[in-house]
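Q: The structure under discussion is supplied below as structure tokens; questions concerning it will follow.
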Amino acid sequence: MRIAICDDEAVQLQLIANYVEEYQNIYHQPLTIECYSNADALLFAYQEDYAIPILLLDIQMKGLNGMELAKLVRKYSKDTIIIFITGVSDYVYDGFNVQALNYLMKPIKKEQLFACLDKAIEKLNTQQPTIALCCDKQWLRFPVKDILYVESDGHYLDVHTKKQCYHVKKTMKEMEEELPTSLFFHLSRSYLIQLEAIEKINTQTLWMSNGQCIPIPKGKYRLLSKAFIAHHFKEAM
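Given below as structure tokens:
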């Protein structure tokens with residue numbers, strides 16, 4: 461799990477990074493710690509794939525400040541966890557507006573940061589999993605369960621969701637690695653199917669919740685039926 465720390469004071473940046481590393485070692489959390497000395501650099505990294513789930517931000521920084529960065533992050537994601545670590549209390553109410561998890565005052569106490577990280581990780585573990593896709597040079601993030609099925613189209617994929625279809629440059633193997641195997645079934649070289657989105661199955665065809673009919677390759681019906689039943693039995697438990 462990636463966690464980004466942003467502070468333009470080198471001493472504070474290193475101190476917070478040391479605390480996070482200590483937290484990681486004590487509680488055996490698989491964290492990848494990234495340090496940034498300015499908000500613009502962090503924003504650039506965040507916009508690459510929107511896959512940094514926890515941000516620890518100073519507020520008073522030269523150029524783009526931490527609060528401005530948080531507002532930009534919220535335009536892309538409501539799920540990214542933001543924790544402010546700052547020396548001033550002037551921005552507390554602004555912190556509420558960007559749904560910050562907490563607002564820690566400097567000098568930061570290790571125990572307070574540990575408690576915040578506990579809360580952040582607990583919240584992430586209960587969130588619905590999401591996926592980020594690049595479509596028309598724009599990154600989009602949405603819940604995994606919104607994907608009904610994925611269809612191969614040459615060197616691209618058509619990702620069919622509940623609302624629309626996204627044409628993305630990605631291989632089927634790459635997509636399969638990003639999606640939970642408990643929810644998606646690799647039907648063929650052309651189709652990756654969400655098990656919960658299947659409305660009906662017979663030996664030759666399956667019908668998706670959006671009305672789309674998809675042919676079942678020879679020899680795949682038994683495997684598909686087994687996966688479908690196992691998934692729905694698990695959901696009913």
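Those letters in the sequence shown? Residues 461 to 697, by the numbering used here. Built from N, CA and C at the ideal position, the CB exists for glycine as well.
#1: Tell me where the beta strand (DSSP E) around Met565 begins and ends.
#2: One question on the structure: do Leu473 and Leu503 come within less than 8 Å of each other, judged by their Cβ atoms?
#3: Starting from Glu508, follow the alpha helix (DSSP H) in both directions and report where the run begins and ends.
#4: Just the C-alpha distance for Asp468 and Ala511, rounded to the nearest angstrom, thanks.
#5: Identify the residues that DSSP records as bridge partners of Leu515: which are they?
#6: Is Tyr681 helix, strand or coil when you go by DSSP?
#7: Could you name the residues of the same chain whose beta carbon sits closer than 7 Å to that of Pro490, not counting the 5 residues immediately before and after it, in chain order?
#8: Which one or two residues does DSSP pair with Gln598 in a beta bridge?
#9: Would you tell me roughly how many angstroms separate the C-alpha atoms of Ser669 and Pro513, rounded to the nearest one?
#10: Which whole-angstrom value is the C-beta distance of Glu636 and His627, which I expect to be below 8 Å?
A: Reading it off the structure:
#1: Here residue 565 corresponds to residue number 105 of the sequence shown, with the count starting at 1. Start and end: Asn562 to Met565.
#2: Residue numbering aside, residue 473 sits at position 13 when the sequence shown is read from its first letter. Residue numbering aside, residue 503 sits at position 43 when the sequence shown is read from its first letter. Contact: no.
#3: The residue labelled residue 508 in the question sits at position 48 within the sequence shown. Segment Ala499 to Asp509, the alpha helix (DSSP H) holding Glu508.
#4: By 1-based counting over the sequence shown, the position of residue 468 is 8. By 1-based counting over the sequence shown, the position of residue 511 is 51. Near 22 Å, if we compare the C-alpha coordinates of Ala511 and Asp468.
#5: Taking the first residue of the sequence shown as 1, we reach residue 515 at position 55. Leu515 pairs with Ala464 and Ile542.
#6: Here residue 681 refers to the residue found at position 221 of the sequence shown. Tyr681: helix per DSSP, three-state reduction.
#7: Counting from one through the sequence shown, the residue named residue 490 turns up at place 30. Here the set comprises Met461.
#8: The sequence position of residue 598 within the sequence shown is 138, counting from 1. DSSP output for Gln598 lists Cys595 as bridge partner(s).
#9: Taking the sequence shown and counting its residues from 1, the one referred to as residue 669 is at position 209. Taking the sequence shown and counting its residues from 1, the one referred to as residue 513 is at position 53. Cα to Cα, the separation comes out at about 31 Å.
#10: Position 176 of the sequence shown, counted from the start, is the residue given in the question as residue 636. Position 167 of the sequence shown, counted from the start, is the residue given in the question as residue 627. Actually they do not touch by this definition, with Cβ atoms about 18 Å apart.
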